[in-house]
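Below: the structure, in structure tokens.
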Amino acid sequence: MVTAATPPKPHDAPTEASPTEINGFDDLLRLDEIDQGLFRGWCHAGAPLRAFGGQVAAQALVAAGRTVSPGRLVHSLHGYFMRPGDPRRPLVYEVEALRDGGSYTTRRVTAIQRGEAVFTLSASFKVPEESPDRQREIPELPSPEDLPDPYAAWAAGGPENYWGTTGRLTLDMRIIPRDQPGLPVELPGVAQQFVWLKAAQPLPDDEPLMHVCALAYLSDLTLASTAALHVQAPRAERTEPSRISLASLDHAMWFHRPFRADEWLLFAQRSPSSSDGRGLAQGEFYTRDGRLVASVVQEALIRVRRAKAE
553 MVTAATPPKP HDAPTEASPT EINGFDDLLR LDEIDQGLFR GWCHAGAPLR
603 AFGGQVAAQA LVAAGRTVSP GRLVHSLHGY FMRPGDPRRP LVYEVEALRD
653 GGSYTTRRVT AIQRGEAVFT LSASFKVPEE SPDRQREIPE LPSPEDLPDP
703 YAAWAAGGPE NYWGTTGRLT LDMRIIPRDQ PGLPVELPGV AQQFVWLKAA
753 QPLPDDEPLM HVCALAYLSD LTLASTAALH VQAPRAERTE PSRISLASLD
803 HAMWFHRPFR ADEWLLFAQR SPSSSDGRGL AQGEFYTRDG RLVASVVQEA
853 LIRVRRAKAE
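Counting along the sequence shown from 1, when you hit position 14 you're at 566 in our numbering, and nothing is skipped either side.
What follows is the structure in structure tokens.
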């Protein structure tokens, strides 16, 4: 299991070495190629001494993509988190080429730390093609310009929360209040949350893999909290500390249409079930002009922390 997280500190450096500082989104996805099919990267913490799962998944996808022929684009990924990664140590990504077909390419990636598998990813790439098109319509919701910056509120919570504002270096976020007039009707037993997200700085125009990997990172930021809404309000709506443990168990994404991760994307999320210490969350990403560009499903561990004895 790898912890679902709060946005990173820009200098969240391990104690054993000094990896590249986080000054922009590209630093989150940077990998060193150490041999054919072998890459090494560093991940920031999502919780104390636990790597952020979205970054692990995004880096694994970067590793897979760097072994694929140009012109083939990611259309799906499926990942399993097995152990908590240690942000003080690098992760090694081992890429296995499973298939290189006429239209589709498949890769499997294992993220390894201390000789043990932390995360596994299967990713499929394909040659773009023309076909009939349809999609679900985007819900009508407030634009990001009409919503407050949550980092400012978190910084006002006290010096210990101020580091949260440094997330500006990597991502922008606007959270739509759950009592906002005009939200889609919430079905009985189905929690929902709507968030605008984007990379804070421009990403390269000619690297579609960078945008897809950035979205893989962003997609893990709020899904677990959506699955836990029946237990605890999201961070933007509460002042008290979290009383639950959240961790990503698995993560799957499908990429439908081209997009830019450095432009605002609406993340419409719903959770249809939570039981047995696990919650399921589903999400869809829309561009501002209403194109459905990606879908995601995640199962998360949800445990209420036991109160400490007096």
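Every residue gets a Cβ at the ideal spot worked out from N, C-alpha and C, and that includes glycine.
Neighbourhood of residue i by C-beta distance below 8 Å, restricted to the same chain and skipping five residues each side
i      : result
Thr567 : Any answer about Thr567 is weak, because its pLDDT of 40 lies below 50 and its placement is not dependable; what the coordinates show is given next. These residues qualify, in order along the chain: Arg640.
Glu689 : Gly842
Pro824 : Gly741, Val742, Leu832, Gln834
Candidates the options, of which the one nearest residue i by Cα
i      : options                        : result
Ala597 : Phe591, Gly617, Pro642         : Pro642
Arg659 : Lys678, Val644, Ala669         : Lys678
Ser674 : Gly631, Arg592, Asp701, Glu759 : Gly631
Pro694 : Glu738, Glu759, Trp816         : Trp816
Thr876 : Leu832, Pro760, Asp757         : Past the edges of the chain, shown from 553 to 862, lies residue 876, and the structure says nothing about it.
Gln744 : Ala804, Glu792, Pro760, Pro691 : Pro691
Ala751 : Trp806, Glu738, Tyr769, Pro740 : Tyr769
Phe671 : Pro729, Leu580, Ser826, Gly606 : Gly606
Val737 : Arg822, Leu723, Asp758         : Arg822
Pro684 : Gly617, His808, Asp841, Ser676 : His808
Asp578 : Ala599, Ser655, Leu723         : Leu723
Phe591 : Leu601, Ala813, Ala610, Ala599 : Ala610
Trp748 : Arg730, Pro696, Pro700         : Pro696
Glu648 : Arg618, Ser655, Gly623, Val626 : Arg618
Asp828 : Ile854, Arg624, Tyr838, Glu836 : Ile854
Expected contact under 8 Å - CB spacing of residue i and residue j to nearest Å
i      : j      : result
Ile796 : Val856 : 5 Å
Tyr645 : Val661 : 5 Å
Val725 : Pro754 : Checking the sequence, you will find Met at residue 725 rather than Val. With a Cβ gap of about 17 Å, Met725 and Pro754 do not count as contacting.
Ala663 : Asp638 : The pair is not a contact, with the Cβ atoms about 12 Å apart (cut-off 8 Å).
Ser628 : Met805 : 7 Å
Leu761 : Val626 : 7 Å
Val848 : Ser771 : 5 Å
Val845 : Phe819 : With 8 Å as the limit, Val845 and Phe819 do not qualify as a contact, their Cβ atoms being about 11 Å apart.
Cutoff 6 Å; reference residue i; Cβ partners in own chain excluding five residues on either side
i      : result
Val614 : Leu581, Leu583, Cys765
Leu699 : Arg726
Extent of the continuous alpha helix (DSSP H) run through residue i
i      : result
Ser777 : 775-779
Val764 : 760-770
Phe633 : No alpha helix (DSSP H) holds Phe633; the beta strand (DSSP E) holding it covers 625-633.
Gln821 : From DSSP, Gln821 is part of no alpha helix (DSSP H) but of the beta strand (DSSP E) over 817-827.
Span of the beta strand (DSSP E), counted from its first residue to its last, around residue i
i      : result
Gln744 : 743-751
Phe807 : 796-807
Ala846 : 844-856
Residue-chain proximity (residue i, chain D), Cβ-Cβ < 8 Å
i      : result
Leu781 : Annotation note: the requested chain D is absent from the structure, which comprises a single protein chain.
Cβ-based neighbour list, residue i, same chain, cut-off 7 Å, excluding 5 preceding and 5 following
i      : result
Gln732 : Pro694
Check your understanding: Quick check: the segment 792-801 against the segment 615-633, are there 3 or more CB pairs under 8 Å?
Key -> yes
Review point. How do the segment 778-794 and the segment 580-594 stand: do at least 3 beta-carbon pairs fall below 8 Å, yes or no?
Key: No, they do not touch.
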